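Just below is one structure, and these are the notes that go with it.
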Amino acid sequence: MKYMKDKLLNYMLYSGVTKQEYEKIKQEIQEKNRSVLSLTALCLVVMFSGLLLGSLFLEMMKPNHSIYGIVGLSFMLIAILSRRIENKSFVLPLWYMAMTIMCVYAIILNTVLSNNISATTFCVIMIVAPLLVIDRPWRLFGYFAFITLIFVLVDFSQKAYYLAFTDTVNALCCIFLGSVIHINIMNTKLREMLQRHYIEAERDTDKLTGCLTKAAFERKITKEMKDSQYQGVLLVMDLDHFKSINDNYGHVFGDMVLRTMGECLQKSFPETGLRGRFGGDEFQVWISGKVEKRELTLILNGFFSDIHAIKTPDGKVEVAVSVGGAMCPRDGMSYQVLFENADASLYAAKKLDRSGYVFCPENGTKKGA
Numbered sequence: 001m002k003y004m005k006d007k008l009l010n011y012m013l014y015s016g017v018t019k020q021e022y023e024k025i026k027q028e029i030q031e032k033n034r035s036v037l038s039l040t041a042l043c044l045v046v047m048f049s050g051l052l053l054g055s056l057f058l059e060m061m062k063p064n065h066s067i068y069g070i071v072g073l074s075f076m077l078i079a080i081l082s083r084r085i086e087n088k089s090f091v092l093p094l095w096y097m098a099m100t101i102m103c104v105y106a107i108i109l110n111t112v113l114s115n116n117i118s119a120t121t122f123c124v125i126m127i128v129a130p131l132l133v134i135d136r137p138w139r140l141f142g143y144f145a146f147i148t149l150i151f152v153l154v155d156f157s158q159k160a161y162y163l164a165f166t167d168t169v170n171a172l173c174c175i176f177l178g179s180v181i182h183i184n185i186m187n188t189k190l191r192e193m194l195q196r197h198y199i200e201a202e203r204d205t206d207k208l209t210g211c212l213t214k215a216a217f218e219r220k221i222t223k224e225m226k227d228s229q230y231q232g233v234l235l236v237m238d239l240d241h242f243k244s245i246n247d248n249y250g251h252v253f254g255d256m257v258l259r260t261m262g263e264c265l266q267k268s269f270p271e272t273g274l275r276g277r278f279g280g281d282e283f284q285v286w287i288s289g290k291v292e293k294r295e296l297t298l299i300l301n302g303f304f305s306d307i308h309a310i311k312t313p314d315g316k317v318e319v320a321v322s323v324g325g326a327m328c329p330r331d332g333m334s335y336q337v338l339f340e341n342a343d344a345s346l347y348a349a350k351k352l353d354r355s356g357y358v359f360c361p362e363n364g365t366k367k368g369a
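Using full-length UniProt numbering, the first residue of the sequence shown is number 1, and each one after it goes up by one.
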């Protein structure tokens with residue numbers, strides 16, 4: 001009994017996936033909702049434009065002339081906003097706004113404007129609308145239950161009792177049917193998204209260090225730079241004398257050093273950044289947002305302390321790393337320019353003591369400048 005209760009609760013909260021799984025694909029869900037909303041709004045603009053045009057020539061459609069125009073313009077605004085909006089968290093409220101417009105249209109059409117026939121349009125929307133948007137079922141069903149309540153109240157005030165009663169039964173059946181279909185389809189969609197997420201994560205992750213692969217880092221950093229409004233720091237790192245460590249202490253110890261390097265990168269730098277492995281002993285880190293040099297120095301000093309804790313089996317050699325840094329937008333507005341300047345700084349850091357770091361000079365000559 002408890003298992004069935006937990007299962008039902010899970011389906012109502014996250015369409016049959018766990019909370020952790022849902023959070024992993026949240027961005028993909030938002031992007032999917034945006035693309036479907038944009039397409040749906042455009043289709044509805046075309047549909048209501050056709051209805052508006054038809055109302056100019058057909059006598060039976062003329063009473064609805066104004067409502068066609070208002071609804072069509074509303075969906076045109078939603079179509080524009082869905083494409084222009086930067087913050088994806090606003091996509092879901094836009095979806096509910098679009099569904100509200102459609103539901104209000106259906107309620108007016110099936111009650112005030114047509115009080116002597118069954119409410120077909122409203123019932124169709126109760127089945128179709130939940131299939132278009134991905135959201136937590138409890139919120140979606142709560143919304144449609146409220147809309148159905150409004151519909152029933154208006155319906156009974158406008159129609160004969162027997163017709164309003166029939167509409168109520170039909171609407172409740174449709175919302176139940178739409179809910180069951182929604183949960184099953186959404187569960188399938190979310191499972192597909194999760195599978196794709198795991199495949200991409202495995203492809204993009206270096207198995208030894210847990211960092212991004214070179215290709216994944218280069219692909220993601222451009223988007224990260226744009227999202228952070230070109231504010232951030234690129235760090236290029238290189239383990240000092242790693243080849244001699246491999247030669248003298250073996251590849252098993254060398255792999256342990258690389259694995260620990262990945263752990264130190266995860267521990268020391270902000271979770272919101274990117275960490276990538278670019279070669280045998282080369283790494284890159286991107287920190288999003290405006291970062292003060294003093295704050296960055298503290299982060300690097302903590303990172304160096306963790307790295308220095310790695311000792312060779314005989315205790316004679318302390319592992320060290322050199323770091324070169326470039327700041328965006330000061331040292332470049334593209335990844336390639338930032339990398340060239342950070343790499344030049346790394347070359348300068350290599351000439352210093354072990355575990356040194358060098359940043360591009362504020363007024364110095366920079367590559368790509």
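Positions of the beta carbon are idealized from the N, C-alpha and C atoms, including for glycine. As the structure is a computational prediction, the values presented were derived from the model and not from experiment.
Please state whether the Cβ-Cβ distance between residue i and residue j is less than 8 Å.
i: Lys159; j: Thr111; result: yes
i: residue 437; j: Ser288; result: The displayed coordinates of the chain run from 1 to 369. Any statement about residue 437 would go beyond what the structure contains.
i: Tyr22; j: Tyr11; result: no
i: Phe283; j: Cys211; result: yes
i: Ile70; j: Met102; result: no
i: Gly332; j: Tyr357; result: no
i: Ile107; j: Phe151; result: yes
i: Leu37; j: Ala98; result: yes
i: Trp286; j: Leu346; result: no
i: Tyr335; j: Ile221; result: yes
i: Gly72; j: Val104; result: no
i: Val323; j: Ile310; result: no
i: Arg134; j: Lys189; result: According to the sequence displayed, residue 134 carries Ile and not Arg. Yes, the pair counts as a contact, with Cβ atoms nearer than the cut-off.
i: Asp238; j: Val337; result: no
i: residue 391; j: Cys328; result: Any property of residue 391 remains undetermined from this structure, which presents the chain solely from 1 to 369.
i: Asp306; j: Ser355; result: no
i: Leu194; j: Ile25; result: yes
i: Asn187; j: Gly302; result: no
i: Lys214; j: Phe253; result: no
i: Asn170; j: Ser118; result: yes
Using the Cβ count rule (16 or more neighbours within 10 Å means buried), how would you classify residue i?
i: Gly273; result: buried
i: Ser89; result: exposed
i: Pro130; result: buried
i: Gly315; result: exposed
i: Ser157; result: exposed
i: Phe144; result: buried
i: Arg83; result: exposed
i: Thr209; result: buried
i: Leu352; result: exposed
i: Thr148; result: buried
i: Ala216; result: buried
i: Ala201; result: exposed
i: Asn341; result: buried
i: Arg139; result: exposed
i: Ser74; result: buried
i: Pro137; result: buried
i: Ser35; result: exposed
i: Gly276; result: buried
i: Leu8; result: exposed
i: Phe359; result: buried
i: Val236; result: buried
i: Gly142; result: exposed
i: Phe57; result: exposed
i: His60; result: First, the amino acid is wrong: residue 60 is Met here, not His. Exposed is the call here.
i: Phe146; result: exposed
i: Cys173; result: exposed
i: Gly178; result: buried
i: Asp247; result: exposed
Any Cβ of chain D within less than 8 Å of the Cβ of residue i?
i: Thr111; result: Chain labels in this structure do not include chain D; a single protein chain is all it has.
From the DSSP output, which residues share a beta bridge with residue i?
i: Leu212; result: Thr205, Gly276
What runs of the alpha helix (DSSP H), each 4 residues or longer, lie entirely inside the UniProt domain "GGDEF" (230-362)?
-> 242-249, 251-268, 293-308, 335-350
- Message: Does the structure place the segment 290-298 close enough to the segment 237-252 that three or more beta carbon pairs sit under 8 Å?
- Response: no
Exercise. Indicate whether the contact test is met: 3 or more Cβ pairs, each with one atom in the segment 28-41 and one in the segment 78-89, closer than 8 Å.
Key: yes
Kindly provide the ranges of any beta strand (DSSP E) runs that are 3 or more residues long and lie completely inside the segment 39-109, ordered along the chain. none
> Pairing CB atoms from the segment 51-65 with CB atoms from the segment 223-230, are three or more of them under 8 Å?
Replying inline: no
*Could I get the ranges of all uninterrupted alpha helix (DSSP H) runs contained in the segment 118-192, with 4 residues as the minimum, in chain order?*
120-132, 137-158
(request) Tell me, please, whether the segment 161-172 touches the segment 181-194 by the rule of three or more beta-carbon pairs shorter than 8 Å. (result) no
### Message
Does the segment 91-98 come into contact with the segment 26-36, if we say contact requires no fewer than three beta-carbon pairs (one atom in each stretch) closer than 8 Å?
### Response
yes
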